[in-house]
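S.K.: Before I ask anything, let me first share the structure, which is written out below as structure tokens.
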């Protein structure tokens, strides 16, 4: 699912491809939500570079390889004025294990054979007091618009962002983190990655991610799942943002 919505341009990018290296086989997934004037270029550059540089030596090295690749991307994008989120999942089907990483607020939902569900944390100061506190500790100033939207900035007359973690964003880099949160799940059966355009009208609803995951699981066909997820999203109102979703389901 990759929809432009009402935006003038498409700033989302994604990865959805099989891999085979060093005795590992599986799928590499990712969504990247760009922002800023050249946000689409930032997200595409990030997605393409992740594929090129992700090289785990064995199954135990997958989390380390994810961290190394993200550090490399942070260095590549350090001069970019635009920025992007990063949400990736490496599903090693040959070893029945998945590792996910997130920077920003593009959500990931994973479920295993025991029906355990994991939701990625949101690195957005509007929904996480801990992320706001961490940004303030880095020197961020907190601004609330007259509409109640929260932002962080270095100075009130400068650039502002709702995210507390991202890649790129040179002017705000001192107050932002590029450290990912990682999670590893054994026996994964379902992995769904989305940009926040899929849930931007329901971010205050804790059940929204579970709802869209249930919709995605309601059909065994990827194309039908994409159509159903989009239909679900449109019942919440117009698609005001880019929306991208990447789904993996065990056979």
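In my numbering, the protein residues as written are 6 to 256. In this text, a Cβ means the ideal position worked out from N, Cα and C, and glycines have one as well.
#1: Suppose you measure from the CA of residue 18 to the CA of residue 75; what does that come to, to the nearest Å?
#2: Excluding five sequence neighbours on each side, which residues of the same chain lie with their C-beta closer than 6 Å to the C-beta of residue 135?
#3: What do you get for residue 228, buried or exposed, if any count of 16 or more other CB atoms within 10 angstroms of its CB means buried?
#4: If we ignore side chains and look at the alpha-carbon of each, how far apart do residue 15 and residue 30 end up?
#5: Would you call the CB atoms of residue 189 and residue 111 closer than 7 Å?
#6: Grab me the residues of residue 255's own chain with a C-beta within less than 6 Å of its C-beta, minus the 5 sequence neighbours each way, in chain order.
#7: On a CA-only basis, which of 184, 88, 21, 159 is nearest residue 71? Give me that one, please.
#8: Would you mind giving the Cβ-Cβ distance between residue 181 and residue 162, rounded to the nearest angstrom? I have them listed as a contact below 8 Å.
#9: Mapping DSSP to helix, strand and coil, what is residue 215?
#10: Would you say residue 233 faces chain C, with C-beta separation under 7 Å as the test?
#11: Which full runs of the beta strand (DSSP E) of 3+ residues lie inside the region 81-147, going along the chain?
#12: Decide if the region 141-161 is in contact with the region 90-108; the criterion is three or more beta carbon pairs, one per stretch, under 8 Å apart.
#13: According to DSSP, is residue 185 helix, strand or coil?
#14: What is the residue span of the alpha helix (DSSP H) that residue 229 lies within?
#15: Looking at the unbroken beta strand (DSSP E) that takes in residue 195, where does it start and where does it end?
#16: Considering only C-alpha positions, which residue in the set 224, 222, 221, 202 is nearest to residue 40?
#17: Identify which residue in 240, 45, 218, 241 has its Cα closest to the Cα of residue 230.
#18: Give me, in chain order, the residues of the same chain whose beta-carbon lies closer than 6 Å to that of residue 191; leave out the 5 immediate sequence neighbours on both sides.
#19: Alpha carbon to alpha carbon, what distance is there between residue 167 and residue 127?
#20: What is the rounded straight-line gap between the Cα of residue 160 and the Cα of residue 142?
#21: Just to confirm before moving on: does the CB-CB distance between residue 251 and residue 233 stay below 7 Å?
#22: Work out the CA separation of residue 27 and residue 61 for me, nearest whole Å.
#23: How about residue 79 and residue 172: do their beta carbons lie closer than 7 Å?
#24: Taking buried to mean at least 16 other C-beta atoms within 10 Å of its own C-beta, is residue 279 buried or exposed?
#25: Give me the DSSP bridge partner(s) of residue 21.
#26: Per DSSP, residue 173 forms a beta bridge with which residues?
M.R.: Walking through what the data contain:
#1: Approximately 16 Å, taken between the alpha carbons.
#2: none
#3: exposed
#4: 31 Å
#5: no
#6: The answer, listed in chain order, is 194.
#7: 184
#8: That belief does not hold up - the Cβ atoms of residue 181 and residue 162 are roughly 18 Å apart, past 8 Å.
#9: helix
#10: Within the model displayed, chain C is absent; a lone protein chain is all it includes.
#11: 91-97, 102-108, 113-117, 122-124
#12: Contact between the region 141-161 and the region 90-108 is absent, because fewer than three Cβ pairs lie under 8 Å.
#13: coil
#14: 227-239
#15: 193-199
#16: 202
#17: 218
#18: 102
#19: Whole-angstrom Cα-Cα distance: 11 Å.
#20: 15 Å
#21: No, the pair does not count as a contact, with Cβ atoms beyond the cut-off.
#22: About 8 Å.
#23: yes
#24: Nothing can be reported for residue 279: it is not among the residues displayed for the chain, which extend from 6 to 256.
#25: 34
#26: Its beta-bridge partners are 88.
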